[in-house]
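In this text, residue positions in the sequence shown follow this note's numbering: the first is 239, and each later residue adds one.
All residues carry an ideal CB built from backbone N, CA and C; glycine is no exception.
Quick caveat, the model's predicted, so the values are computed rather than measured.
Here is the structure we will look at, set down as structure tokens.
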Amino acid sequence: MHVASLTIRNLDEDIKQNLRERAAQNGHSMEEEMRLILASLDQQDTSLPKPASVDVPRLNPFSSEVLDGKQILLIISGGIAAYKTLDLIRRLRERGAKVRPIMTQSAQEFITPLSVGALTADHVYTELFSREDEQDVGHIRLARECDMIVVAPITANLMAKMAHGRADDLASTVLLATDKPVLIAPAMNPHMWHNKATQRNVKTLREDGIHFIGPEAGEMAESGEAGKGRLSETMSIIAKMIDILDDRPKPLLGKTAIVTSGPTHEPIDPVRYIANRSSGKQGHAIAAALAELGASVKLISGPVNIPDPVGVDVIKIERAEEMLDTALQLLPCDIAVMVAAVADWRVAGAAGEKIKKKKGQSVPTFDLVENPDILKTVGHHAKRPALVVGFAAETQNLIDNATAKLKRKGADMIVANDVSPETGIMGGDRNRVRIVGHDGVDAWPDLSKDDVAMRLGKLISQKLAEIVV
Ligand code: CTP
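Right, dumping it as structure tokens:
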């Protein structure tokens, strides 16, 4: 049986005592313990989505541009969660969206038009028949002159009105009059969400093509209540909006790419290794950019301290030999971009146990052997990808060295950068590269590593299209 929600103070005394003891044992508050019990019950009930701890998506650095310049009509209806909408407004505006707000009568019981107006820097529309508002834009224009409508939070009542086509205030009238995509973010008491009437309305609205985000499971603002009914997190709402609005071309759709990134660690013994200063920032950004352009991307990453890029399959390795094995297993593919700063040498016969200092004995010496060259192996492979891109990290004779690498390694393009310490490129957020190809050199300006990644991704799409034609 699914238990939608419970109120602790309404429980029988002995159950309450049991819960108190269980919570104390697990080091939780009673509310938290109850939430976990409800969550595990929900997990057994396959008809419900997992009420895991709220999973907030990270946004790909390139996807926010979708919101730039977009006109969002934001309808705020009543509910305690309305305060979270203030944060949504700020995050949307940070991404360049223009937010025009409509507040229902009940929304104004929870947050003020003054704060909404200040954050949106727009007039707050509240009345269906307001001489001032009607002269200004009018409800039909409000409904049409936007790229999308978002209702956050939406109450059970407003959902019921939408499902039945009622138009008795400005919000419901605009929702009936619009021809734009509509995203709704419900927030209500779990009993109201699970009520059969609400669930009927949810079904109708889904069939009508209304987009939903949430509600999420968890603790409710009302003390002691837990269940499904929380407003989704701001970033989840924004990610969903981007999904709906994104109409950018995906030139790499259907293409597969491998990207290597980060340093490799070559063991000396179980606790020591040879490494280098690569942060993985540029390689990871390239993987994210290729994914953003539609490619299916496998990122082979050495040990780094940065998060996995969004929308990319990450395979973590440590040593150069592991990186090569992984890359070869992933052939054939359409694109290979080798950004990793692979250690050139590894210690021959790394020790199986930690090497100890011994009194009176000289310091240990190590024989180094050369690591396999991953770019060169892939560049000359029978299953060579259609486009092979390498990097050249140099501290002198940039173009000559890059041109030599282009030929030696069988690449189509080398992204050359000067990694002298004074450039700050190793570990920094910016990069200044030259693109060395078989037809010449192109110098790019100083850019963020994300911008280099997207520009390279677009160049790769272009080159690939030329090869295929
Ligand atoms: N590379 C590779 N495997 C290696 C060494 C390098 O795949 N064992 C790739 C890098 O990912 C990069 C390119 O080759 O795309 C050039 O790397 P770089 O370190 O600049 O050159 P090296 O080949 O190591 O040459 P050198 O040390 O002489 O500059």
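Placement of the Cβ of Asn609 at a distance of less than 7 Å from at least one heavy atom of ligand 1 is found. Secondary structure of Arg404 (DSSP, three-state): coil.
In the three-state reduction of the DSSP assignment, Asn256 falls in the helix class, which pools H, G and I. Here the distance from the Cβ of Asp582 to the nearest heavy atom of ligand 1 is below 7 Å. Remark: the C-beta of Thr498 is in contact range of ligand 1, defined as less than 7 Å to any heavy atom. Taking the Cβ of Leu380 as the reference point, every heavy atom of ligand 1 lies at 7 Å or farther away. In the structure shown, the three-state DSSP call for Phe348 is helix. Proximity of the beta carbon of Lys308 to ligand 1 is not indicated: no heavy atom of the ligand is located closer than 7 Å.
When the beta-carbon positions are compared, Val509 and Lys592 come within less than 8 Å of each other. Judged by DSSP in its simplified three-state form, Ala527 adopts helix. Per DSSP, Pro659 is not a residue of any beta strand (DSSP E), being assigned neither H nor E. From the listed residues Ser516, Cys571, Ile275, the smallest Cα separation to Arg622 is found for Cys571. In this structure, Ile698 has its CB at a distance of at least 7 Å from all heavy atoms of ligand 1.
Beta bridge pairing from DSSP links Phe629 with Val653. The alpha carbon of Ile314 has as its nearest neighbour, out of Gly678, Lys466, Pro339, the alpha carbon of Pro339.
The secondary-structure analysis by DSSP pairs Arg670 with nothing; it has no beta-bridge partner. Going by C-alpha positions, Ala579 is about 15 Å away from Tyr511. Ile310 is positioned such that its CB atom lies closer than 8 Å to that of Val337.
Collapsing the DSSP output to three states places Thr358 in a helix. In the DSSP assignment, Trp583 forms a beta bridge with Glu608.
For Ser539, DSSP records a beta bridge to Ser499, Lys554. With fewer than 16 other beta carbons inside 10 angstroms of its own, Asn635 counts as exposed.
Relative to the non-hydrogen atoms of ligand 1, the Cβ of Ala558 comes within a distance shorter than 7 Å of at least one.
By the criterion of at least three beta-carbon pairs nearer than 8 Å, the region 533 to 544 is not in contact with the region 587 to 607.
Classified as buried, Thr498 has 16 or more neighbouring CB atoms from the shown chains inside 10 Å of its CB. The Cβ neighbour count for Gly307, taken over all protein chains shown within 10 Å, is under 16; the residue is labelled exposed.
Inter-segment contact for the region 395 to 402 and the region 433 to 449 is present: three or more beta-carbon pairs are separated by less than 8 Å. By the neighbour-count criterion, in which a residue is buried when 16 or more other Cβ atoms sit within 10 angstroms of its Cβ, Gln437 is exposed. Taking 8 Å as the upper bound for CB-CB distance, Asn609 and Asp650 are not in contact here, some 23 Å apart.
As computed with DSSP, His449 is found in a beta bridge with Leu421. In this structure, the beta-carbon distance from Val627 to Ile698 falls below 8 Å. Under the three-state reduction of DSSP, Asp680 is assigned to strand.
Taking 8 Å as the upper bound for CB-CB distance, Ile673 and Val690 are not in contact here, some 10 Å apart. With 16 or more other CB atoms across the displayed protein chains lying within 10 angstroms of its CB, Ile573 is buried. With 16 or more other Cβ atoms from the protein chains shown falling within 10 Å of its own Cβ, Phe300 counts as buried.
In the three-state DSSP reduction, Ile327 falls in the helix class (H, G or I).
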